[in-house]
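I have placed the structure first, in the form of structure tokens, so that the comments after it can refer back to it.
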């Protein structure tokens, strides 16, 4: 780590690059050696694969109703049918096919909401830490205000007010979840700003923008990667909660949360309706958390 | 210390104004509120109402009025129930508070002993079981946990009522659900703040003095771990309220959460605004109290 603080600007770029490369391969080794993280990775690969290839791997059309087969239990239970592995719902739609298609919404919302959060949070964090003064006060006050709301409640109110749609959900979840990035990036910039390599770069006449993007931003990458991985899991849970509460992306495409909401109404006649989509959420979120947690251990020098 | 206090109070006021602004904008982004209020009225009547309710004034004037009204608890009449919106919220508040307090009590009762022992006996069987529990608990959607508990205790074993809030038996499942939601969070905080202090010099000194392990933990370690614990617990309060909203929906508990979800379905925005503002004020107050506690307890701030 000491190698990063070499006093010449050239040396810094080179050393920082080499340092990061070595760090990355060490992190990769630590990540792949851990069986739990590996398990998480495998689960995640399966879910992503299912989402991408949904139209081809789903055994049935997720919207096709076969009333004569409604409430078919899973294949291993009495009355199960081989063509519906996980059973059917109240209008005879195939649960497994709907789950496979539902993975698409969860992953799209999870990833894109985090992208929105990262863009907003990192820019405001950089600005806040780098400029300081009044800009910092204003941005941190906005963070304080955002933190005053239960996030789910705020998302619920705004999605409902704007009219539920996939884009609305992504934007609202993104705009209600950025403050953590702003705070972390700001703290790191404040710490890095006084480091020798930044001062050296400045002394050599490097412009402020260049210092910001070339020297400060790259050093916050590992924190951002860890935070955003874990936040994808949170966003998936929140999307499911919004869908469950009835302000999801609409009835047109199945989502896990909406399947569970329907299942709640039939909980006493068909236990499989809410159970399997919930397991899908649990496994996906667990997988992301496992990978994210190891990533933190691997990338954060403080915990080693 | 007075200077710190004054600064905190100014920040509190700014945050309250900000919360008010965000709440104000919920109705603004929803489009035309008058159309929501009287969906069948002719345009000529709407024009009159719009003028009378001041929707034609400049936004800044409207916000000024909203700010003044909101701090006095005036959110207007519910579009649906035709009574003052805040009254509806206050009427439902005790239910939500009871649910939250029970859940928090359960979470503390589990996470305090388990977290402490986990930290002392690091990597023991209990610690590992607790880690697995935390991972699972954090990956479970709270509404799904609720439905699964319902499936087991109410549908399968018929021990408890499926939903409602009329008897103490009906309270058990919602409290258990929200408890399982908040326990992993708290457990993690207890464990890590204990780990932070347990190897510090003064704890070692206390041990070296020959104090019993029990006394060392309670008198020396726990007392110093309590500060970060309280801070983070205060910050998590908003999350708990969000969880309460979902839990109430699952079990048809007549609390504020249920009120909000119903109001959103009916596009009853005064109620949504009143509830969002009120819950945010609870979080703001909780954070402010934690801040104050921090100032009183932390000698480093007290001196300044």
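Protein chains in written order, with our numbering: chain X, 70 to 373; chain F, -5 to 298.
In this text, a Cβ means the ideal position worked out from N, Cα and C, and glycines have one as well.
This structure is a prediction, so every number in the text was calculated from the model and none was measured.
The stretch 61 to 81 of chain F and the stretch 257 to 270 of chain F touch, with three or more beta-carbon pairs separated by less than 8 Å. Within its own chain, the residues whose Cβ lies closer than 8 Å to the Cβ of residue 178 of chain X, once the five positions on either side in sequence are excluded, are 235, 238, 239, 242, 304, 305, 308 and 318, listed in chain order.
Taken atom to atom, the span from the alpha-carbon of residue 181 of chain X to that of residue 175 of chain X is near 10 Å.
The beta carbons of residue 252 of chain X and residue 212 of chain X sit closer together than 8 Å. Residue 117 of chain F and residue 11 of chain F have their alpha carbons spaced roughly 47 Å apart. Only residues of its own chain outside the window of five on either side were considered, and among them 368 have a CB closer than 6 Å to the CB of residue 291 of chain X, listed in chain order. Judged by their CB atoms, residue 329 of chain X and residue 137 of chain F are nearer to each other than the 8 Å cut-off. In the DSSP annotation of this structure, the continuous segment of the alpha helix (DSSP H) that includes residue 2 of chain F starts and ends at -4 to 23. DSSP links residue 303 of chain X through a beta bridge to no other residue.
The beta-carbon distance between residue 112 of chain F and residue 185 of chain F, rounded to whole angstroms, is 5 Å. This is short enough to meet the 8 Å contact definition. Chain-ordered listing is empty here: chain F has no CB closer than 8 Å to the CB of residue 327 of chain X, the nearest sitting near 11 Å. Taking CB atoms only, residue 186 of chain X has no neighbour in chain F less than 8 Å away. Residue 150 of chain F is classed as exposed because its beta carbon has fewer than 16 other beta carbons within 10 Å across all chains shown. Taking residue 160 of chain X as the centre and dropping the five residues before and after it, the same chain places the C-beta of 134, 136 and 139 closer than 7 Å to its C-beta, in chain order. Beyond the five residues adjoining it in sequence on each side, residue 39 of chain F comes within less than 7 Å, by CB distance, of 32 in the same chain, given in chain order. When only Cα atoms are considered, residue 124 of chain X and residue 355 of chain X end up about 25 Å apart. Secondary structure at residue 26 of chain F: coil, using DSSP grouped into helix, strand and coil. In this structure the stretch 152 to 168 of chain X touches the stretch 344 to 354 of chain X; the number of beta carbon pairs closer than 8 Å is three or more.
DSSP places residue 78 of chain F in the strand class (E or B) of the three-state scheme.
For residue 267 of chain F, the three-state secondary structure derived from DSSP is helix.
Scanning chain X for C-beta atoms nearer than 7 Å to the C-beta of residue 217 of chain F yields nothing, as the closest lies near 25 Å away. Closest by C-alpha distance to residue 266 of chain X, out of X:102, X:255, X:257 and X:285, is X:285. Put simply, the backbone Cα of residue 204 of chain X is about 35 Å away from that of residue 239 of chain F.
When the five nearest sequence neighbours on each side are left out, the beta carbons in the same chain lying within less than 6 Å of the beta carbon of residue 215 of chain F are those of 191, 192 and 197, in order along the chain.
Sorting F:129, F:37, F:56 and F:170 by C-alpha distance to the C-alpha of residue 363 of chain X places F:129 at the top. For the stretch 127 to 156 of chain F, the beta-carbon criterion of a distance under 9 Å to any beta-carbon of chain X is satisfied by 129, 130, 132, 133, 134, 135, 136, 137, 138, 139, 140, 141, 142, 144, 145, 148, 149, 150 and 156. In this structure, residue 224 of chain F sits near residue 287 of chain F, with a CB-CB distance shorter than 8 Å.
For residue 354 of chain X, the closest Cβ of chain F is nearer than 8 Å. Taking a Cβ-Cβ threshold of 7 Å, the residues of chain F close to residue 358 of chain X are 129, 132 and 133, in chain order. Three or more Cβ pairs closer than 8 Å define a contact, and the stretch 309 to 316 of chain X falls short of that threshold against the stretch 192 to 201 of chain X. Between the alpha carbons of residue 270 of chain F and residue 293 of chain X lies a gap of roughly 30 Å.
Taking CB atoms only, residue 343 of chain X has a neighbour in chain F less than 8 Å away. Among the CB atoms of chain F, none fall inside 8 Å of the CB of residue 175 of chain X. Listed by position along chain X, the residues whose Cβ is nearer than 9 Å to that of residue 23 of chain F are 227, 230 and 231.
Within chain X, no C-beta atom comes nearer than 7 Å to that of residue 116 of chain F; the closest sits roughly 14 Å away. Neighbours of residue 310 of chain X across chain F, judged by C-beta separation under 7 Å: 135, 137 and 240.
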